[in-house]
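Peer 1: Per my numbering, numbering of the sequence shown is gapless, rising by one per residue and ending at 373. All C-beta atoms, glycine included, are put in the ideal place defined by N, C-alpha and C. My questions all concern the structure below.
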Amino acid sequence: MATIRIAGAGDGRLLDGLCRTRNGRPASQRGVDRIVFARWGAEPAEDVVLAQCGPGIWEVHCHGGSAAVARILDDLTAAGCARGQPAEFLPGASEPVRLAWQALARASTLRTADLLLHQAQSAWPAAVELLAAAGTEEVRALIDEMLSWREFGRRLADRWRVSIAGRPNAGKSSLMNALAGFARSIVHETPGTTRDAVTLETAFEGWPIELIDTAGLRDSEDPIESEGVRRAREAAGRSDLVLLVVDGSRPFAPEDGELLAAHPGALRVINKRDLGRIWSLPAGSPKGDCLELSARTGEGLDPLVRAIIARLTPALPPRDLAYPVCDEQVAWLRGWRPGR
C-alpha cells in the first residue's frame, strides 16, 4: 500500500474532479476523519481510499505499485499540485527528525519500517531534547554511541549488498536462484554464462538485501567476459558481504586459493553437496566460516540464510537509542559533537 498526502486541497473539490466515490456522493461533502471508497481516474480505474485528516489535508491510500502511485501523482500534478518531500508536512520539526521521517518513506520491509518509525516518532525527538540539555561530556558520549550504529542505520532505508563470487561453473547463478525462490539468473553448464552483474532485491527475516550474481572470476581473452570479471571484482569491493562459492564436487585448485586470499572476510559456500564432496582446504589454509549446501536441491540453504543475517546484523542497537539513518544525520551529529 502507498499513502499520498495532499495539503492545501481546500474543501476537496480538487479530488471530486479526479475520482468517483462508490456511493456517488462527492468526497468534498464528507467530513473530517470519514473514510471514502472511490475509483481514481478513467478506466481502468484505480481503487483508492480517501480520508480528510484536517482542514485542507487529505490522504489517498492506493496500491503500492510504482505504476499506480505514479499515475495518481501525475494526475495531481496536472491538476496544479506541487510535489513535496514527506518532511515538508512536519512544520517545526528539527532537521534530524525531518530526515528520519524521510528515511521512513524509503523503508522496504515491515521490520525496517517499524525501526524507522520508532526513530522518527520517539528516539530522535527525545535525543534532540537530550542533546540540547546535557553537559559537554554527556553530549560527546551520547553522540559517539549514536554514530557507532551509523552503518546499521543507513542500511534500514537502503539495503545490505551481498555479492556472490567464485570461479566459473561453481553454481553462483544456481545459488542466486535458490535464494530468490525463482529463476533470476541464467544457469548453463557453459563457463562464462553470466557476464554482467545480475541484481535481485529480497529480504531475509525482514532485513532488506540486494543479492548480486557476478561473472565467474578467471582470466579470459574474451573482452566481454573480461569486463564482466572486472565488474564482479568491483561489486565485491562495494559489498557488505561476499559469498565465495566453490564447487565441492571438484578438487581444490590454485585458483581457489587465490580467491580465498583475495576475499579473507568472505562467507565460504561449498556448493554441489548432492554430487558428493571432494573439495577441501589444504593444510595451513586460513580459517573461516564454511557452509556446505546444494543450490540445486535446496539442502543447506536455511543455515546459509542464518549465517548471512548473523554477518550483516551481529548485534542490534538499543530500541530507544537514536542513531543516524542517512548521511545528513551523520553530518548533523558530527557538527553537534563538542571538540570535533
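Going by beta carbon distance, what residues of the same chain come within less than 6 Å of H96, once the five residues before and after it are set aside?
Peer 2: The residue you call residue 96 lines up with position 63 of the sequence shown. Once the five neighbours on either side are set aside, H96 has no close Cβ partner at all.
Peer 1: Would you tell me roughly how many angstroms separate the C-alpha atoms of T247 and L300, rounded to the nearest one?
Peer 2: Locating residue 247 in the sequence shown gives position 214, counting from the first residue. Locating residue 300 in the sequence shown gives position 267, counting from the first residue. Taking the straight line from one Cα to the other gives about 15 Å.
Peer 1: Does N304 pass the burial test, meaning 16 or more other C-beta atoms within 10 Å, or should it be called exposed?
Peer 2: Here residue 304 is taken as the residue at index 271 of the sequence shown, counted from 1. Buried: at least 16 other Cβ atoms inside 10 Å.
Peer 1: Could you compute how far the alpha carbon of V93 sits from the alpha carbon of V81?
Peer 2: Here residue 93 is taken as the residue at index 60 of the sequence shown, counted from 1. Here residue 81 is taken as the residue at index 48 of the sequence shown, counted from 1. Their Cα atoms are separated by approximately 7 Å.
Peer 1: Around the C-beta of K320, are 16 or more other C-beta atoms found within 10 angstroms, so that it is buried, or is it exposed?
Peer 2: On the sequence shown, position 287 is the one that residue 320 refers to. It is exposed - the Cβ of K320 has fewer than 16 other Cβ atoms within 10 Å.
Peer 1: Does R144 come out as helix, strand or coil in the three-state DSSP assignment?
Peer 2: Within the sequence shown, the letter at position 111 stands for residue 144. Residue state, collapsed to three classes: helix.
Peer 1: With a cut-off of 8 Å, do at least 3 Cβ pairs link the segment 229-238 to the segment 135-152?
Peer 2: Yes: the two stretches touch, three or more of their Cβ pairs being nearer than 8 Å.
Peer 1: CB-CB under 8 Å to A190, same chain, minus the five flanking residues each way: which ones, in chain order?
Peer 2: By one-based count along the sequence shown, residue 190 stands at place 157. Once the five neighbours on either side are set aside, the close Cβ partners of A190 are A136, L137, R139, A140, T145, L149, V358, C359.
Peer 1: Answer with buried or exposed for D280, where buried requires no fewer than 16 other C-beta atoms within 10 angstroms of its C-beta.
Peer 2: Taking the first residue of the sequence shown as position 1, residue 280 is located at position 247. Buried, because 16 or more other Cβ atoms sit within 10 Å of the Cβ of D280.
Peer 1: Comparing C-alpha positions only, which one of A295, K205, S313, L276 sits nearest to R344?
Peer 2: Position 311 of the sequence shown, counted from the start, is the residue given in the question as residue 344. Out of A295, K205, S313, L276, L276 has the C-alpha closest to the C-alpha of R344.
Peer 1: Applying the 10 Å Cβ sphere with the 16-neighbour rule, what's the burial state of L349?
Peer 2: Sequence index remark: in the sequence shown, residue 349 carries index 316 (1-based). When all chains shown are included, L349 counts as exposed.
Peer 1: Over what stretch of residues does the alpha helix (DSSP H) that includes R187 continue unbroken?
Peer 2: For the purposes of this step, residue 187 is taken as residue 154 along the sequence shown, with counting starting at 1. Element bounds for R187: 183-189.
Peer 1: Evaluate Q118 with the Cβ neighbour count: other Cβ atoms within 10 Å of its Cβ, from every protein chain shown; 16 or more gives buried, anything less gives exposed.
Peer 2: Residue mapping note: residue 118 aligns to position 85 of the sequence shown, counting from 1. With fewer than 16 Cβ atoms within 10 Å of its Cβ, Q118 is classed as exposed.
Peer 1: Can you give the Cα-Cα distance for G317 and A159, rounded to whole angstroms?
Peer 2: Here residue 317 corresponds to residue number 284 of the sequence shown, with the count starting at 1. Here residue 159 corresponds to residue number 126 of the sequence shown, with the count starting at 1. Their backbone Cα atoms lie some 52 Å apart in a straight line.
Peer 1: Report, in whole angstroms, the separation of the C-beta atoms of L109 and I39, which I expect to be a contact under 8 Å.
Peer 2: Within the sequence shown, the letter at position 76 stands for residue 109. Within the sequence shown, the letter at position 6 stands for residue 39. With 8 Å as the limit, L109 and I39 qualify as a contact, their Cβ atoms being about 7 Å apart.
Peer 1: Taking D322 as the reference, give the member of D353, G113, W193, R339 with the closest Cα.
Peer 2: By one-based count along the sequence shown, residue 322 stands at place 289. When each option's Cα is compared against that of D322, the closest is R339.
Peer 1: Three-state secondary structure (DSSP) at G333?
Peer 2: Residue 333 sits at position 300 when you count from the first residue of the sequence shown. In the structure shown, G333 sits in coil (DSSP, three-state: anything other than H, G, I, E or B).
Peer 1: Considering only residues of the same chain and omitting the five flanking positions on each side of A101, which have a CB-CB separation below 8 Å?
Peer 2: In the sequence shown, residue 101 corresponds to position 68, counting from 1. So the list reads A35, E79, C95, once near-sequence residues are dropped.
Peer 1: Give me the Cα-Cα distance between C52 and V65, rounded to the nearest whole angstrom.
Peer 2: Against the sequence shown, residue 52 aligns to sequence position 19. Against the sequence shown, residue 65 aligns to sequence position 32. C52 and V65: Cα-Cα distance of roughly 18 Å.
Peer 1: In whole angstroms, what is the alpha-carbon distance linking P371 and V130?
Peer 2: Here the question's residue 371 lines up with position 338 in the sequence shown. Here the question's residue 130 lines up with position 97 in the sequence shown. Rounded to the nearest angstrom, the two C-alpha atoms are 21 Å apart.
Peer 1: Assuming the contact rule is C-beta atoms closer than 8 Å, R192 and I242 should be a hit. Round their C-beta distance to whole Å, please.
Peer 2: Within the sequence shown, the letter at position 159 stands for residue 192. Within the sequence shown, the letter at position 209 stands for residue 242. Confirmed, Cβ separation roughly 6 Å.
Peer 1: Within 10 angstroms of the Cβ of T227, are there 16 or more other Cβ atoms? Answer buried if so, exposed if not.
Peer 2: If you number the sequence shown from 1, residue 227 lands on position 194. In this prediction, T227 scores a pLDDT of 44, lower than 50, which makes its location untrustworthy; no coordinate-derived value is stated.
Peer 1: Can you tell me which of the three DSSP states E238 falls into?
Peer 2: In the sequence shown, residue 238 corresponds to position 205, counting from 1. Three-state DSSP puts E238 in coil, outside helix and strand.
Peer 1: Spatial neighbours of G41 within its chain, please: CB distance less than 6 Å, with the 5 preceding and 5 following residues excluded, ordered by chain position.
Peer 2: Start at 1 with the first residue of the sequence shown, and residue 41 comes out as number 8. Same-chain partners within the cutoff: G89.
Peer 1: Would you kindly work out how many angstroms separate the C-alpha atoms of L83 and D147, rounded to a whole number?
Peer 2: The residue given as residue 83 occupies position 50 in the sequence shown. The residue given as residue 147 occupies position 114 in the sequence shown. Cα-Cα distance, rounded: 24 Å.
Peer 1: Kindly identify the DSSP beta-bridge partner or partners of R301.
Peer 2: Indexing the sequence shown from 1 puts residue 301 at position 268. DSSP, once it has assigned bridges, lists L277, C323 as partnering R301.
Peer 1: Quick one: does L83 have its CB under 9 Å from some CB of chain C?
Peer 2: Among the chains in the structure shown there is no chain C, since it carries only a single protein chain.
Peer 1: If I measure Cβ to Cβ from G45 and keep anything under 7 Å in the same chain, skipping five residues before and after, which residues do I get?
Peer 2: Numbered from its first residue, the sequence shown carries residue 45 at position 12. Hits under 7 Å: A60, S61, Q85, W91.
Peer 1: In terms of residues, what are the limits of the beta strand (DSSP E) holding D207?
Peer 2: Mapped onto the sequence shown, residue 207 falls at position 174. The amino acid occupying residue 207 in the given sequence is Ser; Asp does not appear at that position. Here S207 belongs to no beta strand (DSSP E); instead the alpha helix (DSSP H) covers 205-213.
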